[in-house]
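For reference, the structure is listed below as structure tokens.
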DNA sequence: CGGTTTAGTTTGCCGGATGAATTTATCCCG
DNA sequence: CGGGATAAATTCATCCGGCAAACTAAACCG
């Protein structure tokens with residue numbers, strides 16, 4: 163008997179799954195709602211029977227994923243609805259980040275509130291990976307232990323890195339701007355020196371730009387679709403479709419910085435990549451600023467009306483616009499969000515980027531592209547990491563509750 | 163402003179849906195299997211109870227979507243399994259195509275057999291849209307009426323066009339190489355002069371490259387992921403993920419021909435697009451062949467060892483490699499399939515494309531990219547269109563059967 | 001204070017998946 | 001050639017979860 167091939171978890175519908183799935187639908191409906199909804203509203207909007215929703219909601223309340231608010235003061239006739247909202251401080255996700263200039267942790271609960279946060283600024287270019295990760299673990303431990311002592315259940319931890327991570331569990335392949343290569347990040351963080359959370363709950367690892375884009379998608383409610391550019395020291399990016407980041411086969415999608423827009427510039431086609439033309443170093447150099455300068459120096463020069471700085475940024479914006487047009491032509495996104503460096507430079511790059519998109523994207527006459535600045539706040543990748551951890555609970559609360567028992 | 167997205171039918175699980183969904187799972191399992199499977203195998207591979215599968219299969223047989231084959235000669239003990247296979251000649255999809263050099267129709271049934279086919283070669287550049295579509299309707303009518311008279315039920319019709327189609331139902335926005343703009347294709351084909359099929363079953367319209375990629379995905383069993391390049395007169399493309407074409411928001415993804423790889427070449431960045439650098443006209447011109455020449459002339463020149471032809475193709479291959487590297491960096495695909503012109507030139511472009519991919523795609527050291535020629539045969543977009551029509555039956559047979567009643 | 005309206009709960013029903021038992025059909029061995 | 005052994009397919013009782021309708025709860029209105 164030839165054993166059946168390990169088929170993917172095919173889409174068969176079982177009744178047990180049905181309950182679990184609807185539990186997730188109900189929870190998502192409550193968490194994603196812009197304002198508290200009642201059981202009846204939820205039933206109407208999801209197309210479920212009121213009785214069914216009642217059962218689901220009771221389950222969610224018992225699991226402390228949802229709480230009932232005080233009945234709203236309504237002016238209408240009829241029994242007042244009981245507003246439902248995500249529980250606060252009961253379940254949280256942990257987002258960690260190691261980047262070129264800082265490392266830190268942020269903890270967010272189902273309601274989207276930041277329960278704890280700690281960031282240390284430091285220049286980590288070329289720093290030893292093991293040392294940095296030990297430092298991160300030491301930084302995370304007190305934050306997380308304190309919350310746990312307060313009764314917060316942690317849904318998971320996610321580490322954002324400015325590099326290429328193999329799957330969400332695998333090693334970090336390469337992080338050029340940190341100078342790291344083939345680092346077993348999860349092993350280092352789960353080691354004996356690590357706090358209990360991290361060894362009990364092995365962190366998942368993700369690309370900084372992808373996780374920042376997730377935070378951005380969350381900040382814009384309503385399942386937006388856009389291409390996200392994260393200009394840090396390097397240039398990362400991500401594709402968001404209907405509110406979900408598009409991971410590609412290995413989670414290596416959205417490497418916008420490596421798009422080549424000028425294939426015949428130097429001896430190597432890579433000399434014409436977006437990062438080579440519009441990365442922070444390239445802009446500073448073109449603006450005549452020292453290599454050790456920061457973005458602030460460039461912004462100062464722009465404010466002062468420095469012509470070289472303006473030309474440098476204009477040139478970068480042109481490359482950025484062409485690269486983003488390439489993205490739009492390939493994945494058909496309708497909006498472009500500029501984060502990181504380019505978010506700060508937004509006013510200086512918007513027009514050029516928008517013009518290139520209008521000119522080069524074939525569908526722009528019928529569906530004009532929007533260019534907007536990121537609005538996810540500071541350290542969006544930490545937020546995105548925390549949200550990614552929480553999403554495990556949101557997509558299948560029943561499954562997660564079983565693991566908690 | 164396009165109408166707001168029809169809010170996705172929230173994925174609540176209902177019991178009625180459960181049956182329908184599992185019916186689809188069973189049908190897909192039978193159709194996609196490389197060789198006939200039995201009810202028991204199906205139950206094992208999908209993780210359903212044998213009793214459940216029996217019920218589903220009986221339903222499918224009654225609906226004439228599946229047929230039982232004669233019990234196989236087995237050498238084992240036990241009751242011999244009844245092999246199940248997709249029914250032949252009972253349900254079929256119609257794929258139509260209008261392209262620069264030809265127009266035609268192909269009809270394919272659930273078993274993947276071509277039931278009928280008719281192609282007319284002609285140069286349609288600049289031809290009047292209404293005239294061409296009337297001609298297509300006239301060409302399709304006898305083919306389709308004959309099949310219907312023979313008892314074949316038609317699942318739907320899909321028209322492939324070398325241009326930008328708004329949604330699957332909307333107008334053709336632009337087809338540069340045909341010289342068409344804003345043509346109400348569906349209306350023209352559903353008009354009074356059209357055969358009964360087309361007015362009863364308004365055709366869906368798709369991009370030629372996307373549909374060709376669908377055929378290619380079908381030809382490679384097992385849900386492959388790849389970027390497809392369709393070099394016709396223009397250069398189209400598509401992204402295939404896990405066997406499904408990735409449509410993007412409007413179905414406008416994969417416009418690989420419009421990727422700019424040389425942003426500073428001419429006065430307009432568009433002068434550095436892949437199509438401008440590696441389109442058929444550009445290659446012929448660079449090879450010193452007359453503009454009226456066909457690809458055959460270029461192939462002859464290559465066979466004769468003509469240096470200009472070789473240089474022209476090498477230059478095109480370089481641009482193609484860079485453009486495909488951009489695609490891979492953005493969507494993280496592991497394979498590149500060259501179709502159309504580039505399929506015929508495969509031997510002459512493979513090495514350069516593979517080299518550029520290895521050099522420029524950031525993840526190539528850990529996941530080398532494959533470059534392979536298309537194997538979907540001639541006129542793949544017609545095949546893809548027929549398959550697209552059939553997929554309506556495959557994904558939700560219960561729903562389709564209800565419409566048939 | 002009774003009628004109206006809306007929210008939420010209780011209850012009986014029904015469809016569909018399930019596993020165990022049963023039937024069917026073949027091979028194998030004495 | 002006949003009786004296990006074995007595997008496929010079907011039958012049947014059970015269970016689970018969503019559903020509609022009836023019912024209760026809590027407000028407003030005149």
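Chains as they are written, first to last, in the numbering used here: chain A, 163 to 567; chain B, 163 to 567.
We put the CB at the ideal spot given by N, CA and C, even for glycine.
This structure is a prediction, so every number in the text was calculated from the model and none was measured.
| query | result |
| --- | --- |
| Simplified DSSP state of residue 229 of chain A, which is helix, strand or coil | strand |
| Within chain B, partners of residue 173 of chain A - CB distance below 7 Å | 183, 187 |
| Three CB pairs or more closer than 8 Å across the segment 252-271 of chain A and the segment 529-549 of chain A | yes |
| Collapsed DSSP secondary structure at residue 431 of chain B in the structure displayed | helix |
| Nearest-angstrom Cα separation, counted from residue 216 of chain A out to residue 414 of chain B | 42 Å |
| Where the alpha helix (DSSP H) through residue 572 of chain A begins and ends | Past the boundaries of the shown model lies residue 572 of chain A; chain A is included only from 163 to 567, so the question cannot be answered. |
| Check whether residue 369 of chain B and residue 332 of chain B have beta carbons under 9 Å apart | no |
| Interface positions of the segment 482-493 of chain B facing chain A (Cβ-Cβ less than 7 Å), listed along the chain | 484, 487, 488, 489, 491, 492, 493 |
| Contact test: residue 216 of chain A Cβ vs the ligand MN heavy atom, cutoff 8 Å | Absent from the structure shown: the ligand MN. Ligands present: none. |
| Residue 397 of chain A - partner residues in DSSP beta bridges | A/393 |
| Limits of the beta strand (DSSP E) - the one that residue 255 of chain A falls within | 253-260 |
| For residue 322 of chain A and residue 364 of chain A, the rounded distance between their alpha carbons | 14 Å |
| Backbone CA spacing between residue 410 of chain A and residue 494 of chain B [nearest angstrom] | 5 Å |
| Proximity test, Cβ basis, 9 Å: residue 525 of chain A and chain B | yes |
| Alpha-carbon spacing of residue 275 of chain B relative to residue 458 of chain B, whole angstroms | 30 Å |
| Residue 412 of chain B in three-state terms, based on DSSP | coil |
| Residues, ordered as in the chain, of the segment 423-450 of chain A that lie near chain B by beta-carbon distance below 7 Å | 423, 424, 425, 426, 431, 432 |
| Residue 369 of chain B - DSSP class collapsed to helix/strand/coil | strand |
| Those residues which DSSP pairs with residue 280 of chain A across a bridge | A/267 |
| Nearest candidate by alpha-carbon position, reference residue 422 of chain A, set A/562, A/407, A/379, A/438 | A/438 |
| Proximal residues to residue 476 of chain B (C-beta, below 7 Å), its chain only, five neighbours per side dropped | 514 |
| 9 Å Cβ cutoff, residue 340 of chain A in contact with chain B | no |
| Nearest neighbour of residue 292 of chain A, chosen from A/424, A/240, A/348 [CA to CA] | A/348 |
| In DSSP terms, what residue 388 of chain A is bridged to | A/402 |
| Euclidean distance between Cα positions of residue 300 of chain A and residue 284 of chain A | 15 Å |
| Residue-chain proximity (residue 421 of chain A, chain B), Cβ-Cβ < 9 Å | yes |
| Close-in-space but distant-in-sequence residues of the same chain around residue 474 of chain A (CB under 7 Å, 5 per side omitted) | 445, 448, 449 |
| Residue from B/525, B/461, B/194 whose Cα sits closest to the Cα of residue 505 of chain B | B/461 |
| Residue 320 of chain B beta carbon less than 9 Å from that of residue 416 of chain B | no |
| C-alpha gap between residue 502 of chain A and residue 391 of chain A, whole angstroms | 8 Å |
| Residue burial classification, residue 540 of chain A (beta-carbon count within 10 angstroms, cutoff 16) | exposed |
| Own chain residues within Cβ distance below 7 Å of residue 187 of chain B, not counting five before or after | 208 |
| Simplified DSSP assignment, three categories, for residue 207 of chain B | helix |
| Residue 178 of chain A to residue 385 of chain B span [Cα, whole Å] | 28 Å |
| Residue 104 of chain A versus residue 479 of chain A: straight-line alpha-carbon distance, rounded | Limits of chain A in this structure are 163 at one end and 567 at the other, which puts residue 104 of chain A out of reach. |
| Rounded C-alpha distance that separates residue 404 of chain A from residue 525 of chain A | 19 Å |
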